[in-house]
Amino acid sequence: MNLRRLKFFVTVAEELHFGRAAERLCMTQPPLSQAILALEEELSVTLFKRTKRNVALTPVGEHLLSHVTKLLEEVEALPGLARQLSRGEIGSLKLGFVTTADYNLLPDLISRYSGAYPDVRVSLKEMTSDLQVEALMQGNLNAGLIIPLHQTLHTSLSYLPLMREPLLAAVPEEWLRSGRVELTDGAIGLRDIADEPLVLFPRRSAPAFHDIITTFFVSNGIQPTIGQEAIQMQTIISLVSAGMGVALVPGSLRKLGRSGVRYVPLQGRAPTIETGLVWRKDDATPTVSRLVEIARLVSSKVDRSGGAGTSASLPGGAPAAILRNNAVVNGAARPE
């Protein structure tokens, strides 16, 4: 299809006069008439009704005019569109995230990214770290926020550590009021909860997170008693609230306000959890490059001391805080 002929068609349709159309196109009338005839022959239709006095569009010509006009506008916009795509200003981004990232890194990361690139469609999917790595390798994700515990990443992946935070104890408020569990200087010792049922992720769903918690108990000479298992962090906190046991959770879970639960620091050296961004080295998608740039900026605002977990620059709020007009969230089953 000759785009030049299509432009001629639109100009003649606007002028309904070959002479004026030729003048607008800076050409003589005979080659313009020949081009229109060639277009009609190519399409096997008659576009104009011609008489000695006037020119009018046929019903077919009238119908095609809007389509051709739109096509030419899109062709004209292609260079700018290509430049925007190359700069990562438009397009799409598929980002996975672990549940805990929803309470620390994810809100700030998405807010900054959406503010800088509002025309990029972001699809968010909550997935465990191992499933994110698998999805990345299969090309089903562009990037992911993962907890890389006990995990050697494939050489085809790049990883950027973003934050570390300590584990806290989530304790039923009633246990503290009744004296079943006591605090020392506002903290709780591991031996104070040694005989209490533990609520945590099943190992089959979150092996890394499960192992760091159970190993922490064992390394302190305590065999943990697993009372309940759940595959969502929110469910774990709900079970604690119901008095079903205690849980060790990342410090950022303080933002998950739940009545009947108190988040208490652990005495001594608490285990820390690292969260970072992972992506494929061979993924040259500009939207991924822009995400990595913003992730580095977000990382610079995070407290890496292992004390407070995140700085005040990271906003609180539940998952709704991260939703923007260009973000679509897909729920997934597993938390780490």
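One gets the numbering used here by counting positions in the sequence shown from 1 and adding 34 to each.
Cβ coordinates follow ideal geometry from the N, Cα and C atoms, glycine included.
Predicted, not measured: the structure shown is a model, and the values here were computed from it.
- Across the structure, Ser333 and Pro195 are spaced so that their CA atoms are roughly 8 Å apart.
- Ranked by how close their Cα comes to the Cα of Lys41, the residues Arg314, Val109, Ser157, Ser126 have Val109 in first place.
- In terms of Cα proximity to Glu207, the closest of Val132, Lys86, Val274 is Val274.
- Restricting attention to Asp316, Leu224, Thr269, the CA atom closest to the CA of Pro299 is found in Leu224.
- In the structure shown, Lys289 falls within a helical segment according to DSSP collapsed to helix, strand and coil.
- Distance from Pro258 to Thr269 at the Cβ level is roughly 19 Å; contact not present, criterion being Cβ atoms closer than 8 Å.
- The beta carbons of Ile265 and Ser239 sit about 5 Å from each other, so the pair counts as a contact at 8 Å.
- Beyond the five residues adjoining it in sequence on each side, Gly95 comes within less than 7 Å, by CB distance, of Ala47, Leu81, Phe82 in the same chain, given in chain order.
- Excluding five sequence positions before and after Ala276, none of the CB atoms of its chain fall closer than 6 Å to its own CB.
- With contacts defined as CB atoms closer than 7 Å, Ile328 and Tyr137 fail to qualify as a contacting pair.
- Cα atoms of Ile271 and Val205: separation of roughly 9 Å, rounded to the nearest angstrom.
- Residue range 153–160 is occupied by the beta strand (DSSP E) that includes Asp153.
- In the structure shown, the three-state DSSP call for Arg225 is helix.
- Nearest Cα to Asp219 within the set Gln301, Leu175, Met35: Gln301.
- Under the three-state reduction of DSSP, Ile180 is assigned to strand.
- Taking 7 Å as the cut-off, the beta carbon of Tyr297 is found no closer than this to the beta carbon of Arg303.
- Less than 7 Å divides the Cβ of Thr309 from the Cβ of Ala135.
- Contiguous alpha helix (DSSP H) elements confined to the stretch 42–108 occur at 52–58, 63–77, taking only those with 4 or more residues.
- Contact check for Asn176 and Thr321: beta-carbon distance about 7 Å, within the 8 Å limit, so the pair qualifies.
- For Leu165, the closest of Val154, Arg155, Ala150, Ile181 by C-alpha to C-alpha distance is Ile181.
- The straight-line gap separating the alpha-carbon atoms of Thr45 and Arg84 is approximately 15 Å.
- The beta-carbon distance between Lys315 and Leu191, rounded to whole angstroms, is 7 Å. This is short enough to meet the 8 Å contact definition.
- Per DSSP, Glu168 is one residue of the alpha helix (DSSP H) stretching across 163–171.
- Between Ile246 and the set Glu216, Ala203, Thr306, Glu263, the nearest pair of CA atoms involves Thr306.
- In this chain, the alpha helix (DSSP H) harbouring Met267 covers 267–275.
- Assignment of Gly149 by DSSP, reduced to helix, strand and coil, places it in the helix class.
- Put simply, the backbone Cα of Glu74 is about 12 Å away from that of Leu98.
- In the DSSP assignment, Ser323 is bridged to no other residue.
- Of the candidates Val312, Ser157, Arg38, Ala281, the residue whose Cα lies closest to the Cα of Tyr193 is Val312.
- Note on geometry: alpha-carbon atoms of Leu234 and Phe251 lie some 13 Å from one another.
- Bounds of the alpha helix (DSSP H) holding Ile246 are 241–253.
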